[in-house]
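Visitor: In our numbering, the protein residues as written are 57 to 168.
Below, the structure is given as C-alpha cells:
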C-alpha cells in the first residue's frame with residue numbers, strides 16, 4: 057500500500073491485478089522487454105497513478121481494462137515512433153476514451 061514508484065527493468069509480461077489497490081503508486085517504469093500485459097485490472101484502484109513508462113520498441117498488447125479506478129489523465133510514455141500505433145490500437149482505445157490516457161514521446165522527456 058505504501059508503494060509510490062516501481063521500476064521493472066527485465067519484465068516480459070505483466071500479470072493480472074499486479075498492482076491492484078496500490079493507491080499511492082504514481083509511477084511505473086517498465087523496461088524494453090515487456091511485450092504483453094496479460095491480465096485485466098493491473099492498475100485497478102491505483103488512484104495516484106499519473107505516469108507509466110513503456111520502453112519496448114514494439115507496441116505492448118493489453119486486455120480490455122487495466123486502469124479501472126484510477127484518477128485518469130495518465131501519461132503513458134512510449135517511443136515516439138509508436139505513438140500513432142498505440143493511439144490506433146483497439147486494445148488501447150477504451151483507455152484513451154474512458155480514462156483520458158495520453159501517449160507522450162519517451163525521447164526528450166525526463167524519463168529518456
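From the three backbone atoms N, C-alpha and C, an ideal C-beta is built for every residue, glycine too.
Would you mind working out which of 58, 57 and 68 sits nearest residue 116, comparing C-alpha positions?
Guide: Your numbering for residue 116 matches position 60 in the chain shown. Out of 58, 57 and 68, 68 has the C-alpha closest to the C-alpha of residue 116.
Visitor: Tell me which residues share the same chain as residue 86 and place their Cβ nearer than 6 Å to its Cβ, disregarding the 5 neighbours each side in the sequence.
Guide: Residue numbering aside, residue 86 sits at position 30 when the chain shown is read from its first letter. Cβ neighbours of residue 86 beyond the five flanking positions: 64, 67 and 110.
Visitor: Take residue 158 and list the residues in its own chain whose beta-carbon comes closer than 6 Å to its own, dropping the five residues that flank it on each side.
Guide: Looking up residue 158 in the chain shown gives position 102. Excluding residues within five positions, the ones whose Cβ falls inside 6 Å are 131.
Visitor: Would you say residue 153 reaches chain D, if we count a Cβ-Cβ gap shorter than 7 Å as a contact?
Guide: Checking the listed chains, one finds no chain D in this structure; it contains a single protein chain.
Visitor: Does DSSP put residue 85 in a helix, a strand or coil?
Guide: As a first step, residue 85 must be located in the chain shown, where it is residue number 29. Three-state result, residue 85: strand.
Visitor: Could you pull out every residue in the same chain whose Cβ sits closer than 7 Å to the Cβ of residue 129, ignoring the five residues on either side in sequence?
Guide: Taking the first residue of the chain shown as 1, we reach residue 129 at position 73. If we look at residue 129 and ignore the five residues flanking it on each side, its Cβ neighbours are 156.
Visitor: Would residue 89 and residue 72 be called neighbours here (beta carbons separated by less than 7 Å)?
Guide: Working through the chain shown from its first residue, we reach residue 89 at position 33. Working through the chain shown from its first residue, we reach residue 72 at position 16. No, these two residues do not count as a Cβ contact at 7 Å.
Visitor: What is the rounded straight-line gap between the Cα of residue 138 and the Cα of residue 98?
Guide: Position 82 of the chain shown, counted from the first residue, corresponds to residue 138. Position 42 of the chain shown, counted from the first residue, corresponds to residue 98. In a straight line, the C-alpha of residue 138 is about 22 Å away from that of residue 98.
Visitor: Rounding to the nearest angstrom, what Cα-Cα distance links residue 93 and residue 70 in this structure?
Guide: Taking the chain shown and counting its residues from 1, the one referred to as residue 93 is at position 37. Taking the chain shown and counting its residues from 1, the one referred to as residue 70 is at position 14. So the two alpha carbons sit approximately 5 Å from each other.
Visitor: Residue 108 to residue 146, Cα distance in whole Å?
Guide: Along the chain shown, read from residue 1 onward, the residue named residue 108 stands at position 52. Along the chain shown, read from residue 1 onward, the residue named residue 146 stands at position 90. Straight-line Cα distance between these residues: approximately 19 Å.
Visitor: Could you compute how far the alpha carbon of residue 123 sits from the alpha carbon of residue 100?
Guide: The residue labelled residue 123 in the question sits at position 67 within the chain shown. The residue labelled residue 100 in the question sits at position 44 within the chain shown. The alpha-carbon atoms of residue 123 and residue 100 are separated by roughly 5 Å.
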